[in-house]
Each structure stands twice: as C-alpha cells, then as structure tokens.
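*Asks:* Take a look at this one; I'll ask things after.
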Amino acid sequence: RKVAKNGVPSDMRATLWDVASGARALRRHYGMEYFYEKVSECREMLKVLDDALLVHKGQANSPELEEEYGDIIMELAKDRPALTSAERMIVKDLDRTFPEHPYMGTPEGIRSLAEVLASFARHNPSIGYCQGLNFVAGIALAVFGTEEGAFWFLMAITENILPKGYYDAHLLSAKADASVVSELLARWQGKLWQHLQANGVPLDSCILPWFVALFTNTLPVHTVVRIWDLMMFRGRFILYEVSYSIIAMNRKMILSTKDPGRLLDLISKIDQRRGASDAQLIKKATALALPMDGVQEVFD
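Note that the working numbering numbers the sequence shown so that position 297 is 329, with each residue one more than the last.
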C-alpha cells in the first residue's frame, strides 16, 4: 500500500496490477487458452481490420484516394452482417483511442485494442462494449504490453473492483458513484454545493465520464496510472477521493463564477483546469482517506 501511495515503479506495475486486481486468479480459473479462444470468436471483426489495412496500403501510392485507416474500417464493417452490435460499436472507437500514442495510433495498436475489447465483449455479453472501456483497455495495453494481459486486467476491473452495473446499458452503478461525490460535497463543502445547486449545475452528469473512463479521458496518463495503483488496494473509493479533491481544489474559482453557463462549462472541464500539480492532487486525495463503511452507506 505504501508503494502504491508513493507511485509504483513502472517495471513493477504490470505485476502488481496483475496480482492485486485479481487478474492472475481469473486467468488460472478460466485457463491459459481462454483469451485466445475468445479472440478466435472475433475473427470476422479482425478480418475487417486486415482487409482495411490492405486497402489502406493499396492507397499509399495514390494520395488523392487515400483515406484514414479508421474510416476504411468503419466503411468495410457496414457490409459485414456477422459482426455483433458490440463489435460495430468497437470499430467506431478504435482510431479515437489515444491516436497520438506511438503504438496505439498505428494499425498494429488498433488491432491489439480490437482484440482486447472484442474478446472482452464475447466473455461478458451483458456489458458487451461501453464507451470509456476503450481508454481503460488502452492504458492496460500500455502497462501490460500484451493483449492477453490487458484482457485479464479488464476482466478484473469490471468483475472484482467495480460493482455490477458499472458498464451496463444504463450505467447505474457509475451514476450512483457520481452521486456519492455530490453527497460528500453537500456534507463537507456546503457553501460550494449550495452555489452549484443555486446555478442549476448537474454535477452528477458533469463528473459521470470521470467514473466511466476511470479518468483516462481527462487526466494525464501518468496521473491515471498512479490513481489506478491506489485503486488496486483502495478499490473504487479512490475515485471518490480524486473526484472530490479535483472539485475542492477549485473551490475559489467555482465560487467566484456567478454566470450559470460559465459555471457549467467550468465544471465540465474542471479536470483540465484544476490548477494544481498531479502530485498535489494525489496527496490531497490520499489525505482524505474516506471511511469505506461510511461511503458504502452513502452509495447504498
């Protein structure tokens, strides 16, 4: 726990996450070949990616005809009736996931992400695919370095760390977690909470994406992995602590904003303007040490 609080060395992170999340135990339970069996079930979708790559390479010598790789994937997917509804959603997000990353933005990286997301959807059809999982899987790929490692970690996150319903069609548990932060602010930051209420700011809706994507689409990657280090031991309670801290650290800016429209815009983008270093954010969040029993009571 102390190592996680201070930041896990990058060369130890994959091992720590694998064990602490329960991913290793899941792999032993289902068997070493399970991931590859699920990948084989996605062959129609993976063939779309292979065909798109051939088209993309064929256009390389004709700049006037060249299309973005992601656009070719989506175009070819339209004529593949064997694709599941989850796979059709996945192909739309593949090239939108960390496109500037030196690996994730390449055809090879896109295929790796597709294998993780599609095999996960086959394993858990009740979830299938939900926007936000692409960023979670992308970070997992970067940390573990293999599709298999990322797959088992994604399973562990959704089955061991987050409550059931987090990624269902209605995001019920994720919405409940966002409402917990609102309740904590109402209890401990009364003036700030009343200011938001008086200006009609739907805080729950504004911060819901933080929970669904586990901060991957809002905070810098090096901050996200430190939060996830803590999540391995503290569970999702660290998500409350980080969300609460981001808002509390911007208390003065929020209270000084009187126009409802500007206030809504500020809250929606506050994660990008938090006005503090990543180290300060982590320090403040861990200093809160919210009582798990009390927070669970609010959630329930």
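C-beta atoms are modelled at their ideal positions from N, C-alpha and C, and glycine is treated no differently.
Could you tell me which whole alpha helix (DSSP H) segments of length 4 or greater appear in the stretch 187–264?
*Replies:* 204–220, 222–230 and 235–244
*Asks:* On the premise that GLY181 lies in contact with THR129, defined as a C-beta separation below 8 Å, what is that separation, rounded to the nearest angstrom?
*Replies:* Between GLY181 and THR129 the Cβ distance is about 17 Å, and since that is not below 8 Å, they are no contact.
*Asks:* Taking the alpha-carbon positions, what's the TRP49 to GLY293 distance?
*Replies:* C-alpha separation (whole angstroms): 41 Å.
*Asks:* I'd like the span of the alpha helix (DSSP H) that includes SER277, first residue to last.
*Replies:* Membership of SER277 in the alpha helix (DSSP H) is indicated by the continuous run 269–280.
*Asks:* Can you grab the Cα-Cα spacing for the pair PHE269 / LEU224, in whole Å?
*Replies:* 22 Å
*Asks:* Is the CB-CB distance between ASP127 and GLU100 below 8 Å?
*Replies:* ASP127 places its beta carbon less than 8 Å from that of GLU100.
*Asks:* Quick one: grab the DSSP three-state call for ARG112.
*Replies:* Coil, per DSSP.
*Asks:* Just to confirm before moving on: does the CB-CB distance between TYR199 and CYS162 stay below 8 Å?
*Replies:* yes
*Asks:* I need the straight-line Cα distance from LEU287 to LYS207, nearest angstrom please.
*Replies:* 25 Å
*Asks:* Tell me whether MET264 is buried or exposed, calling it buried when 16 or more other Cβ atoms sit within 10 Å of its Cβ.
*Replies:* buried
*Asks:* Give me the Cα-Cα distance between GLN221 and ILE239, rounded to the nearest whole angstrom.
*Replies:* Roughly 17 Å separates the two Cα atoms.
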